[in-house]
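*Asks:* I'd like to ask some things about the structure below.
Numbering (my numbering), first residue to last: 9 to 272.
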């Protein structure tokens, strides 16, 4: 019997430092399991939608056999952060009470540099395919969002994916979009096997797997003031977006292949 997909829940015990590389002010923190995590706050710029994108993006990548850090739910106590001197960070912490998201901190990891490290064609193709599927705008030469840890490639930061959810209109149109920004993907030059990995990835991302991943989303992230849909209806919208996108994957594959030809 297959093990049910679940995320652990930890309680943040110590705020270590802000990680100012991103606009959302993630932090390095320690939790009650004595591990360090990169903590993503629901009180940051794009709120829970960035956490939703992070969770779904990471777990889809994991389902495809790509390496991503463990994702956990991270509880932030009401009293947490009162000793923080930086007012901006204190406001962020106070606005993030309750359930947030955290990724296991890969201590000693270095930022992926395409000049230094060459990624094999199959892996590159699979990562480009993933980012085209989830419309992830943020894996470019300027910001690769990949790390080398123990001589292996790890994917991080999927919070900018699924950007259709910031407007929440024309969802089917977004699902069938070619995703033109794939032209800026850092691994596009090596992605020669997109057609081949398409079949492999779609076989792994069954409807059951998609539903299992999206159903990880906690209720408290799914009560949006600007729309009337219930948490279950919001989950179903993400599921249908992904299923439609998978069904029409030839649209984003052709866009990536055409962009790659333009590069070389």
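Where a beta carbon is used, it is the ideal one built from N, C-alpha and C, also for glycine.
So, under 8 Å CB-CB, residue 117 and residue 162 are touching, yes? Tell me the CB distance rounded to an integer number of Å.
*Replies:* Counting from one through the chain shown, the residue named residue 117 turns up at place 109. Counting from one through the chain shown, the residue named residue 162 turns up at place 154. Indeed they touch by this definition, with Cβ atoms about 7 Å apart.
*Asks:* On a Cα-Cα basis, can you pick out the residue from 255, 230, 220, 267 that is closest to residue 58?
*Replies:* Along the chain shown, one-based indexing puts residue 58 at 50. Here the closest residue by C-alpha is 230.
*Asks:* Relative to the C-alpha of residue 50, which candidate in 81, 217, 69, 149 has its C-alpha closest?
*Replies:* The sequence position of residue 50 within the chain shown is 42, counting from 1. Comparing Cα positions, the closest option is 81.
*Asks:* What does a CB cutoff of less than 7 Å around residue 63 pick up in its chain, not counting 5 residues either side in sequence?
*Replies:* Within the chain shown, the letter at position 55 stands for residue 63. Result list for residue 63: 79, 109, 224, 225, in chain order.
*Asks:* Taking residue 197 and residue 268 to be in contact with their CB atoms under 8 Å, please state how far apart those CB atoms are, rounded to whole angstroms.
*Replies:* Position 189 of the chain shown, counted from the start, is the residue given in the question as residue 197. Position 260 of the chain shown, counted from the start, is the residue given in the question as residue 268. So it is a contact: roughly 7 Å between Cβ atoms.
*Asks:* Taking only the alpha-carbon atoms, compute the straight-line gap between residue 68 and residue 237 and give it to the nearest angstrom.
*Replies:* Your numbering for residue 68 matches position 60 in the chain shown. Your numbering for residue 237 matches position 229 in the chain shown. One C-alpha to the other measures close to 24 Å.
*Asks:* Taking the alpha carbon of residue 273 as the point to measure from, which residue in 169, 139, 221, 210 has its own alpha carbon closest?
*Replies:* This structure leaves residue 273 out entirely; the chain is present only between 9 and 272.
*Asks:* Reducing DSSP to helix, strand and coil, say where residue 162 ends up.
*Replies:* Position 154 of the chain shown, counting from 1, holds the residue named residue 162. Looking at residue 162 - three-state DSSP - the assignment turns out to be strand.
*Asks:* By DSSP, does residue 202 sit in helix, in strand, or in coil?
*Replies:* Along the chain shown, one-based indexing puts residue 202 at 194. Helix, per DSSP.
*Asks:* Report the rounded CA-to-CA distance for residue 258 versus residue 181, giving the unit in angstroms.
*Replies:* One-based indexing of the chain shown puts residue 258 at position 250. One-based indexing of the chain shown puts residue 181 at position 173. C-alpha separation (whole angstroms): 15 Å.
*Asks:* Is the distance from the Cβ of residue 36 to the Cβ of residue 44 below 8 Å?
*Replies:* Against the chain shown, residue 36 aligns to sequence position 28. Against the chain shown, residue 44 aligns to sequence position 36. The answer is yes: Cβ separation under 8 Å.
*Asks:* For the alpha helix (DSSP H) containing residue 262, list its first residue and its last residue.
*Replies:* Position 254 of the chain shown holds residue 262. 257-271 is the extent of the alpha helix (DSSP H) around residue 262.
*Asks:* Give me, in chain order, the residues of the same chain whose beta-carbon lies closer than 8 Å to that of residue 243; leave out the 5 immediate sequence neighbours on both sides.
*Replies:* In the chain shown, counting from the first residue as 1, residue 243 sits at position 235. So the list reads 222, 223, 225, 230, once near-sequence residues are dropped.
*Asks:* Quick one: what does DSSP say residue 48 is sitting in, helix, strand or coil?
*Replies:* On the chain shown, residue 48 is found 40 positions in, with the first residue counted as 1. Shown here, residue 48 sits in a strand according to DSSP, grouped into three states.
*Asks:* Measure from the alpha carbon of residue 66 to the alpha carbon of each residue in 211, 170, 203, 227, then state which is nearest.
*Replies:* Position 58 of the chain shown holds residue 66. It is 170 whose Cα lies nearest to the Cα of residue 66.
*Asks:* Compare the C-beta of residue 60 against all C-beta atoms of chain C and say whether one is closer than 8 Å.
*Replies:* Among the chains in the structure shown there is no chain C, since it carries only a single protein chain.
*Asks:* In angstroms, rounded to a whole number, what distance separates the CA positions of residue 256 and residue 134?
*Replies:* Against the chain shown, residue 256 aligns to sequence position 248. Against the chain shown, residue 134 aligns to sequence position 126. Using only the alpha carbons, I get a separation of about 17 Å.
*Asks:* Who are the near neighbours of residue 183 in its chain, counting only those whose CB is closer than 6 Å to its CB and skipping five residues on each side?
*Replies:* Position 175 of the chain shown holds residue 183. Here the set comprises 249, 252, 253.
*Asks:* CB-CB under 8 Å to residue 25, same chain, minus the five flanking residues each way: which ones, in chain order?
*Replies:* If you number the chain shown from 1, residue 25 lands on position 17. Once the five neighbours on either side are set aside, the close Cβ partners of residue 25 are 35, 36.
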